[in-house]
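Encoded as structure tokens, the structure appears first; notes follow it.
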Amino acid sequence: MFEWDDDKRAANLAKHGVDFAAVHRFDWSSSLTARDGRGDYGEDRFVTLGIIDGRLHFCAWTQRGERRRIISLRKANRREQAIFFP
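Following the working numbering, the numbering of the sequence shown begins with 198 at its first residue and continues without gaps.
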């Protein structure tokens, strides 16, 4: 269901302290998703706010066939928390 680039995973872990493998615990059923329109990536990208282990996280991803390719996964910032918890 999920895939990622291992070098990107290592960089994300070093930068944000969150392992892409945590996406398996992401609560997609209560999440908020929007299309990422900030740039032309050559593919549709999405950003999702959702809970992992009781904490709000931000996930950037794209759909590749039947799989979601994880681009970034980190703890949500205050602005994102205000969107999810108005």
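The C-beta atom is built at its ideal place from N, Cα and C for all residues, glycine as well.
Annotation for Arg206: the continuous alpha helix (DSSP H) segment containing it runs Asp203 to His213. In terms of Cβ geometry, Phe243 and Val220 do not form a close pair [threshold 8 Å]. In the three-state reduction of the DSSP assignment, Glu263 falls in the coil class. The beta-carbon distance between Phe255 and Ala273, rounded to whole angstroms, is 5 Å. This is short enough to meet the 8 Å contact definition. The criterion of a C-beta distance shorter than 8 Å is satisfied by Val215 and Leu270.
Within 10 angstroms of the beta-carbon of Ile280 lie fewer than 16 other beta-carbons, which makes it exposed. Between Ser228 and Gly251 the beta-carbon gap is near 14 Å, outside 8 Å, which marks them as no contact.
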